[in-house]
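J.:
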Amino acid sequence: MRHVIALDVGGTGMKAALIDGGGVLLHQGRRATGRERGPDAVIRSIVEYAVELRAYGAEHFGEPAAALGVAVPGIVDETDGIAAYSANLGWRDVPLRDLLAERLGVPVALGHDVRTGGLAEGRIGAGRGADRFLFVPLGTGIAGAIGIDGRVEAGAHGFAGEIGHIVVRPGGAPCPCGQIGCLERYASAAAVSEAWAAASGDPEADAADCAKAVMSGDPNAVRVWQEAVDALADGLVTALTLLDPRTLIIGGGLAEAGDTLFAPLRDAVRRRVTFQKLPTIVPAALGDTAGCLGAGLLARDLLEPTDVLEPTDPSEVTA
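Sequential numbering from 2 applies to the sequence shown in the working numbering.
1) What three-state label does DSSP hand Thr-248 in the structure shown?
2) Spell out the partners DSSP gives Glu-154 in its beta bridges.
3) What residue range does the beta strand (DSSP E) around Thr-261 cover?
4) Can you tell me whether His-113 is buried or exposed, with buried defined as 16 or more other CB within 10 angstroms of its CB?
5) With a 10 Å radius around its C-beta and 16 neighbouring C-beta atoms as the bar for buried, classify Phe-276 as buried or exposed.
6) Does the Cβ of Gly-288 have 16 or more other Cβ atoms within 10 Å, making it buried, or fewer, making it exposed?
7) Does the separation of the CB atoms of Thr-34 and Gly-70 fall below 8 Å?
8) Ignore the nearest five residues each way along the sequence and tell me which others in Ala-222's own chain have a CB closer than 6 Å to its CB.
9) Which residue marks the beginning of the beta strand (DSSP E) containing Arg-98, and which one marks its end?
10) Quick one: is Phe-160 buried, meaning 16 or more other Cβ sit within 10 Å of its Cβ, or exposed?
11) Use the C-beta contact count for Ser-217: other C-beta atoms within 10 angstroms, 16 or more gives buried, fewer gives exposed.
12) Using only alpha-carbon positions, find the residue among Trp-197, Arg-36, Val-52 that is nearest to Asp-219.
13) Judging by CA-CA distance, which residue of Val-230, Ile-149, Ala-51, Arg-116 is the nearest neighbour of Val-77?
14) For Met-2, write down the residues that DSSP places opposite it in a beta bridge.
15) Helix, strand or coil: how does DSSP classify Ile-167 here?
16) Helix or strand or just coil, what does DSSP make of Gln-227?
17) By how many angstroms is the C-alpha of Ser-46 removed from the C-alpha of Gly-39?
18) Indicate whether Ile-20 and Ala-127 have their beta-carbon atoms separated by less than 8 Å.
19) Would the beta-carbon of Ala-208 fall within 8 Å of that of Val-193?
20) With respect to the beta strand (DSSP E) encompassing Phe-134, which residues constitute its N-terminal and C-terminal limits?
21) Looking only at C-alpha atoms, which of Ala-234, Val-238, Ala-85 sits nearest to Ala-264?
22) Residues bridged to Asp-235 by DSSP?
23) Could you name the residues that DSSP lists as bridge partners for Ala-84?
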């Protein structure tokens, strides 16, 4: 059975899948990244896991995978297949595509984790059918993926979509990137967690706790949450002014708050637009599988460019 390998490498774990030509998930797996052992060990783990997945496919489906797609964090040179830098994983200038292609003997595509997740959301998730979309996951930081006609724009130097580093509060909090007042210092899940821990006096409190307190009417929580929503709306309006997306897809940990986030966010964006066309603002649909599914799409595109990979009912997945 012709299939591809999809591999999503995160700071702590790797998610993998084998996907057939019709988009059916044949196999899924997870494994620790092992970053505590250093960057060289992480690279070995990625290569070894890919080799194991290839062997699994050959044994269970009659032939080895025809291609591999890999999504990794940090700075990624997708054209040359180089994982240029990752603070979480500690590597620099790793020719990951060539390393994997040499070991597996198949075509390999390397992608940035957020852009790869955005590709999946755009083609088969919340942005399906939209010719232009912006995917913004709100996690430890904030990044973005710019979708145009079924593809995701990397930019000339691989930095396209870094919405988290739009300055929304000049003179505000310093950002590790070197700027002052960046969006992710105010509206990421990490930023909300930090603000709510300080406001509540509970150092263990996080963004999910803040959302629960908002729903119960806690005025301090409402204040913290609204400050984050306002900062996010400021950043999003800047982005939509430049990019004019038809659909704005919000994902990541904060999006799990549902209407507690989306109701005030839609209102805040609506109040800020003037001449701009208001996009549809929707929650991401694929959750933490987006990166892996997107990696599968990258692999499929190596074999025959397509804009369609049908989603599969999770009950159809085999272990």
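Glycine included, C-beta positions come from ideal geometry on N, C-alpha and C.
Note that the coordinates shown come from a computational prediction; the quantities given were computed from them, not determined experimentally.
T.: Result, derived from the coordinates:
1) Position 247 of the sequence shown, counted from the start, is the residue given in the question as residue 248. Reduced to three states, the DSSP call for Thr-248 is strand.
2) To locate residue 154, count along the sequence shown from 1; it is residue 153. Glu-154 pairs with Ile-147.
3) For the purposes of this step, residue 261 is identified with residue 260 of the sequence shown, where counting begins at 1. It is not in any beta strand (DSSP E) - Thr-261 instead sits in the alpha helix (DSSP H) that spans 260-273.
4) Along the sequence shown, read from residue 1 onward, the residue named residue 113 stands at position 112. Burial call: buried.
5) Start at 1 with the first residue of the sequence shown, and residue 276 comes out as number 275. Classification of Phe-276: exposed, given that the 10 Å Cβ count is below 16.
6) Counted from its first residue, the sequence shown places residue 288 at position 287. So Gly-288 ends up on the exposed side.
7) On the sequence shown, position 33 is the one that residue 34 refers to. On the sequence shown, position 69 is the one that residue 70 refers to. No, the pair does not count as a contact, with Cβ atoms beyond the cut-off.
8) For the purposes of this step, residue 222 is identified with residue 221 of the sequence shown, where counting begins at 1. Cys-211, Ala-214, Val-215, listed in sequence order.
9) Locating residue 98 in the sequence shown gives position 97, where the first residue counts as 1. Run containing Arg-98: none in the beta strand (DSSP E); it sits in the alpha helix (DSSP H), 97-105.
10) The count along the sequence shown starts at 1 and reaches residue 160 at position 159. Exposed: under 16 other Cβ atoms inside 10 Å.
11) Counted from its first residue, the sequence shown places residue 217 at position 216. By the 10 Å Cβ count, Ser-217 comes out exposed.
12) Sequence index remark: in the sequence shown, residue 219 carries index 218 (1-based). Cα-wise, what sits closest to Asp-219 is Trp-197.
13) Taking the first residue of the sequence shown as 1, we reach residue 77 at position 76. For the residues Val-230, Ile-149, Ala-51, Arg-116, the minimum Cα distance to Val-77 belongs to Arg-116.
14) To locate residue 2, count along the sequence shown from 1; it is residue 1. DSSP lists no partner for Met-2.
15) In the sequence shown, the residue the question calls residue 167 occupies position 166. Looking at Ile-167 - three-state DSSP - the assignment turns out to be coil, as it is neither helix nor strand.
16) Residue numbering aside, residue 227 sits at position 226 when the sequence shown is read from its first letter. Correct three-state label for Gln-227: helix.
17) Within the sequence shown, numbered from 1, the residue matching residue 39 stands at position 38. Within the sequence shown, numbered from 1, the residue matching residue 46 stands at position 45. Going by the C-alpha atoms only, they are around 11 Å apart.
18) The residue you call residue 20 lines up with position 19 of the sequence shown. The residue you call residue 127 lines up with position 126 of the sequence shown. Not a contact, by the Cβ cut-off of 8 Å.
19) Against the sequence shown, residue 208 aligns to sequence position 207. Against the sequence shown, residue 193 aligns to sequence position 192. Result yes, Cβ atoms of Ala-208 and Val-193 sit closer than 8 Å.
20) Reading the sequence shown from its first residue, position 133 is the one you call residue 134. Residues 133-138.
21) Position 263 of the sequence shown, counted from the first residue, corresponds to residue 264. For the residues Ala-234, Val-238, Ala-85, the minimum Cα distance to Ala-264 belongs to Ala-234.
22) Here residue 235 refers to the residue found at position 234 of the sequence shown. Answer is none; Asp-235 lacks a bridge partner.
23) Here residue 84 is taken as the residue at index 83 of the sequence shown, counted from 1. Per DSSP, Val-77, Val-95.
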